[in-house]
Every structure is written in structure tokens, then in C-alpha cells.
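Visitor: Sequence positions in the sequence shown follow this note's numbering and run 2 to 196. Heads up, the beta-carbon is just placed ideally off N, CA and C, and yes, glycines get one too. These figures come from a predicted structure and were not determined experimentally. First the structure, then my questions, so here it is.
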Amino acid sequence: MRVIAGTAHGRTLHATPATRPTADLIKGAIFSMLEALAYKRGFEPDEDAFAAALAWPRVLDLFAGSGALGIEALSRGARFADLVEQDRAAARVVEQNLVATGVSDRARIHVAPIHVVHGRLQGPFDVIFADPPYAEAAALQATVELLARPGLLEPTSVVVFEQPATAEPPDSVGSLPLTKTRRHGRTRISLYGVH
């Protein structure tokens with residue numbers, strides 16, 4: 002597992018054995034979808050093709066695991082990322098990955114379950130990644146409930162859900178409607194927001 006593009010391109014990321022990290026192929030698909038949405042919204046990056054993340058400078062990575070999605074966004078130009086991971090061992094690995102990729106000064110790790118982290122987060126966020134454990138349906142519901150609370154989303158926010166391909170994505174997250182869903186092998190990527 003590695004960083005695909007940006008300032009930390011090619012750097013290796015680590016994960017604990019208990020973590021199911023986002024595969025590079027899925028990560029590439031997610032950022033391709035975000036770039037396409039940024040262009041639809043009129044964002045015109047300079048000559049850097051990967052700079053579409055700059056359209057969303059504030060990032061929240063829920064169930065961070067290895068931190069791969071938040072770190073990828075930072076590498077591609079996001080200004081700041083909050084990463085939420087309740088497992089202490091995984092959070093230590095996230096911290097090591099942030100340091101190894103040179104983006105730790107633009108990130109904050111919250112070691113807590115998502116249902117208690119709301120008060121610690123300073124939103125709104127431009128893009129939110131949510132990759133709850135596939136086997137825990139309650140984690141998906143807790144994520145939807147968290148994002149429905151005031152202060153995390155704004156009308157231009159985008160939420161990216163990663164779930165099993167067989168799972169039905171929620172129709173909306175907070176006030177944001179489901180706008181696109183794609184299957185990649187055993188994974189479904191769902192985008193929420195207004196085009």
C-alpha cells in the first residue's frame with residue numbers, strides 16, 4: 002500500500018494486521034471521482050493534474066485505519082485533515098504514516114469511537130471519507146447519525162462512503178443526497194453531495 006500521487010507519491014504506508022486498508026485501486030478510483038466532481042463544479046487547477054484535492058481543503062477521515070485516504074488527500078494538496086481511529090495500535094500506525102509521508106504538521110488524530118468524537122471536531126469539512134468496518138452494520142448507522150449532526154457538513158461538502166459491493170448505500174447523509182455509486186470488485190464507493 003502506497004501514496005498514489007502528490008508530494009508523498011510512492012511512499013509506503015503501513016497498517017496493523019487487524020486493519021483492512023483501502024486498496025490502491027480503490028483509492029485511485031475515489032480520487033478520480035473527486036477530481037471529476039471538482040471539474041464539474043468549475044475548479045481549475047494549475048498545471049498539477051492531481052491538485053483537485055485543493056478544491057476540498059478540509060478533510061475528515063473516519064475509521065482511518067492506516068490513514069491512507071486522509072494522507073492521500075494531504076499529499077494531493079488538502080490543507081488539513083482530521084483522522085478518527087478508535088483502535089490505539091492503528092492510531093499509532095497512522096501517526097507513523099503521517100510522519101513518514103511528511104504531512105504530520107497538517108493533520109490531527111482523534112483516538113476515539115466516532116459516536117463520541119463529534120465535540121472534538123472543528124467542521125465544517127469539505128470532504129469526508131467514511132470506511133466503516135464491513136462486518137459492522139452498526140458502524141455505518143453511527144456514521145450516518147454523526148454526519149447528520151450540525152457543524153460537520155455544509156451544502157458544498159462531499160461524503161465518500163466505502164462499503165461492501167453487496168451493501169445498499171444510504172439514500173442520503175445529513176442533507177446530502179447520494180449522487181453516484183460505483184462497484185469495484187468487492188467494494189462499493191458512494192459519493193454524497195450536490196453536483
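1) Can you tell me whether DSSP reads GLN164 as helix, strand or coil?
2) Figure out for me which residue from LEU177, GLN142, ALA79, ALA131 has the closest Cα to the Cα of LEU63.
3) Find the nearest neighbour of GLY11 within the set MET2, ALA19, ARG80, ARG187, judged by alpha-carbon distance.
4) Taking ARG183 as part of the beta strand (DSSP E), name the residues at either end of that continuous run.
5) Report the three-state DSSP secondary structure of PHE81 (helix, strand or coil).
6) Looking at the unbroken alpha helix (DSSP H) that takes in ILE72, where does it start and where does it end?
7) Does the pairing of the region 27-38 with the region 96-106 give three or more beta-carbon distances under 8 Å?
8) Report the CB separation of SER67 from HIS15 in whole angstroms; it is logged as a contact under 8 Å.
9) What's the call for PRO22, buried or exposed, on a 16-neighbour Cβ count within 10 Å?
10) Rounded to a whole number of angstroms, what is the C-alpha to C-alpha distance between ASP88 and ASP172?
11) Comparing C-alpha positions only, which one of HIS185, LEU141, VAL94, GLU169 sits nearest to THR17?
12) Tell whether a beta-carbon distance below 9 Å holds between LEU70 and VAL159.
13) From the DSSP secondary-structure annotation, give me the bridge partner or partners of HIS111.
14) If you draw a straight line from the alpha carbon of PRO58 to that of PHE81, how long is it in whole angstroms?
15) I need the DSSP call for THR17, collapsed to helix, strand or coil.
16) Just how far apart, CA to CA, sit GLU146 and GLY152?
17) Would you identify the three-state DSSP class for GLY194, choosing helix, strand or coil?
Guide: Checking against the coordinates, here is how it stands:
1) DSSP places GLN164 in strand when its eight states are reduced to three.
2) The shortest Cα separation from LEU63 among LEU177, GLN142, ALA79, ALA131 belongs to ALA131.
3) Selection MET2, ALA19, ARG80, ARG187 evaluated against GLY11 yields MET2 as nearest (Cα-Cα).
4) Where ARG183 is concerned, the enclosing beta strand (DSSP E) stretches over 177-185.
5) Residue state, collapsed to three classes: strand.
6) Note, ILE72: alpha helix (DSSP H), 69-76.
7) Three or more Cβ pairs closer than 8 Å define a contact, and the region 27-38 falls short of that threshold against the region 96-106.
8) Contact holds; Cβ gap of about 7 Å.
9) A residue is called buried once 16 or more other Cβ atoms fall within 10 Å of its Cβ, and PRO22 is buried on that count.
10) A straight-line Cα-Cα distance of about 29 Å links ASP88 and ASP172.
11) Comparing Cα-Cα distances from THR17 to each of HIS185, LEU141, VAL94, GLU169, the minimum goes to VAL94.
12) For the pair LEU70 and VAL159, the CB atoms are not nearer than the 9 Å cut-off.
13) For HIS111, which the question treats as bridged, DSSP gives the partners VAL85.
14) If you take the alpha carbons of PRO58 and PHE81, they lie about 6 Å apart.
15) When DSSP states are grouped into helix, strand and coil, THR17 belongs to the coil group.
16) Each residue's CA atom was taken as its position, placing GLU146 and GLY152 some 13 Å apart.
17) If DSSP states are grouped into helix, strand and coil, GLY194 belongs with coil.
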